[in-house]
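Since the structure comes first, as structure tokens, the remarks are kept for the end.
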Ligand SMILES: CC(C)(COP(=O)(O)OP(=O)(O)OC[C@H]1O[C@@H](n2cnc3c(N)ncnc32)[C@H](O)[C@@H]1OP(=O)(O)O)[C@@H](O)C(=O)NCCC(=O)NCCS
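In full-length UniProt numbering, the protein residues as written are 1 to 179.
This is the structure:
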């Protein structure tokens with residue numbers, strides 16, 4: 001098994017196709033059938049290949065400044081973490097989260113942030129649930145258009161402190177879309 005870090009603009013056609021197949025397999029009917037991203041391209045990805053060089057796991061990463069109670073805050077966002085059905089429960093999801101932790105060392109990242117329906121994997125990896133009121137740009141994933149600004153608490157928001165700053169309750173302006 002090997003894990004590769006790939007910048008989005010370096011993805012080859014073949015890998016895009018494999019990614020799309022994995023994403024549709026993992027997120028089923030929710031995922032657009034003709035795309036390898038949901039709403040927006042991530043900046044880079046960690047991609048896991050098995051010993052037969054098949055793509056079996058993936059996570060997208062979005063590096064962004066957000067506004068936490070008026071403070072510019074550097075956030076690495078976790079997008080579409082997924083593992084092929086036949087390869088689950090073997091630690092690949094946890095391995096990808098560990099890769100992200102390692103990546104953040106000595107980098108200008110204050111927090112890793114994600115939205116989770118199921119918190120189990122992330123609690124084990126040291127993420128904590130937070131309940132900030134969020135503001136974000138709403139994108140309709142079907143026709144890829146902006147349709148407004150959301151402003152509410154979002155169930156499933158989780159963060160991990162990876163720099164010197166402590167997370168705060170209050171207002172979080174995502175300064176962009178919600179992944
Ligand atoms: C979530 C997911 C990436 C975990 O990958 P994995 O390689 O099986 O992860 P690990 O082997 O490191 O850990 C497995 C543990 O993750 C937890 N888990 C299972 N499904 C989960 C989910 N959808 N979200 C969060 N945690 C989950 C369970 O505690 C599981 O323990 P178990 O094997 O004893 O049941 C994989 O189940 C998946 O691709 N699911 C479909 C896509 C998805 O829901 N992604 C999360 C988006 S927020």
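Backbone N, C-alpha and C define an ideal beta-carbon position, used for all residues, glycine too.
Check: In chain order, what residues place their C-beta within less than 7 angstroms of a heavy atom belonging to ligand 1?
Finding: Those residues whose C-beta sits under 7 angstroms from the nearest heavy atom of ligand 1 are, from N- to C-terminal order along the chain, 26, 27, 57, 80, 81, 82, 83, 87, 88, 89, 90, 91, 92, 93, 94, 95, 114, 115, 116, 117, 118, 119, 120, 121, 122, 124.
Next item on the list: With a cut-off of 8 angstroms on the beta carbons, I'd call residue 46 and residue 85 a contact; round off their distance for me.
Entry: As a first step, residue 46 is located in the chain shown; it is residue number 46 there, counting from the start. As a first step, residue 85 is located in the chain shown; it is residue number 85 there, counting from the start. Actually they are not in contact, since the Cβ atoms of residue 46 and residue 85 sit about 19 angstroms apart, beyond 8 angstroms.
Notebook entry, point to check: What is the rounded straight-line gap between the Cα of residue 29 and the Cα of residue 151?
Noted result: Here residue 29 refers to the residue found at position 29 when the chain shown is read from its first residue. Here residue 151 refers to the residue found at position 151 when the chain shown is read from its first residue. Cα to Cα, residue 29 sits roughly 27 angstroms from residue 151.
Checklist line | Presumed contact (8 angstroms Cβ cut-off) between residue 110 and residue 75, rounded CB distance | finding: Working through the chain shown from its first residue, we reach residue 110 at position 110. Working through the chain shown from its first residue, we reach residue 75 at position 75. Right, the Cβ-Cβ distance comes to about 7 angstroms (below 8 angstroms), so this counts as a contact.
Item checked: Euclidean distance between Cα positions of residue 169 and residue 120 -> Counted from its first residue, the chain shown places residue 169 at position 169. Counted from its first residue, the chain shown places residue 120 at position 120. Residue 169 and residue 120 have their alpha carbons spaced roughly 22 angstroms apart.
Next item on the list: Could you check how far apart the C-beta atoms of residue 134 and residue 149 are, in whole angstroms? I think they sit under 8 angstroms.
Entry: Residue mapping note: residue 134 aligns to position 134 of the chain shown, counting from 1. Residue mapping note: residue 149 aligns to position 149 of the chain shown, counting from 1. Actually they do not touch by this definition, with Cβ atoms about 11 angstroms apart.
Notebook entry, point to check: Any chance the segment 158–167 sits against the segment 51–62, with 3 or more Cβ pairs inside 8 angstroms?
Noted result: They do not touch, by the three-pair rule.
Notebook entry, point to check: Along the chain, where does the beta strand (DSSP E) that runs through residue 122 open and close?
Noted result: The residue you call residue 122 lines up with position 122 of the chain shown. It is not in any beta strand (DSSP E) - residue 122 instead sits in the alpha helix (DSSP H) that spans 120–124.
Item checked: Enclosing alpha helix (DSSP H) for residue 99 [first to last residue] -> Against the chain shown, residue 99 aligns to sequence position 99. Per DSSP, residue 99 belongs to the alpha helix (DSSP H) from 92–104.
Notebook entry, point to check: Relative to the C-alpha of residue 50, which residue among 88, 16, 44, 42 is closest?
Noted result: Translated into positions along the chain shown, residue 50 becomes position 50. Considering only alpha carbons, the answer is 88.
Notebook entry, point to check: If we count the other Cβ atoms within 10 Å of its Cβ and call it buried at 16 or more, is residue 18 buried or exposed?
Noted result: Translated into positions along the chain shown, residue 18 becomes position 18. With 16 or more other Cβ atoms within 10 Å, it is buried.
Item checked: Alpha-carbon to alpha-carbon, residue 131 and residue 171 -> One-based indexing of the chain shown puts residue 171 at position 171. One-based indexing of the chain shown puts residue 131 at position 131. So the alpha carbons of these two residues sit roughly 9 angstroms apart.
Next item on the list: Could you tell me the distance, in whole angstroms, from the CA atom of residue 22 to the CA atom of residue 96?
Entry: In the chain shown, residue 22 corresponds to position 22, counting from 1. In the chain shown, residue 96 corresponds to position 96, counting from 1. Residue 22 and residue 96: Cα-Cα distance of roughly 15 angstroms.
Next item on the list: State the CB to CB distance for the pair residue 7 and residue 38, rounded to an integer number of angstroms; the pair is presumed to be in contact (CB under 8 angstroms).
Entry: Counting from one through the chain shown, the residue named residue 7 turns up at place 7. Counting from one through the chain shown, the residue named residue 38 turns up at place 38. Wrong, their Cβ atoms sit about 19 angstroms apart, outside the cutoff.
Check: Can you give the Cα-Cα distance for residue 144 and residue 73, rounded to whole angstroms?
Finding: Here residue 144 refers to the residue found at position 144 when the chain shown is read from its first residue. Here residue 73 refers to the residue found at position 73 when the chain shown is read from its first residue. Between the alpha carbons of residue 144 and residue 73 lies a distance of about 27 angstroms.
Note to self: Under DSSP, the alpha helix (DSSP H) around residue 15 begins and ends at which residues?
What the structure shows: In the chain shown, residue 15 corresponds to position 15, counting from 1. That run of the alpha helix (DSSP H) goes 13–27.
Next item on the list: Work out the CA separation of residue 108 and residue 64 for me, nearest whole Å.
Entry: One-based indexing of the chain shown puts residue 64 at position 64. One-based indexing of the chain shown puts residue 108 at position 108. The straight-line gap separating the alpha-carbon atoms of residue 64 and residue 108 is approximately 11 angstroms.
Next item on the list: With DSSP collapsed to three states, give me the class of residue 86.
Entry: Residue numbering aside, residue 86 sits at position 86 when the chain shown is read from its first letter. Correct three-state label for residue 86: helix.
Next item on the list: Look up residue 138 in the DSSP assignment and give the residues it is bridged to.
Entry: Taking the first residue of the chain shown as position 1, residue 138 is located at position 138. Partner(s): 148.
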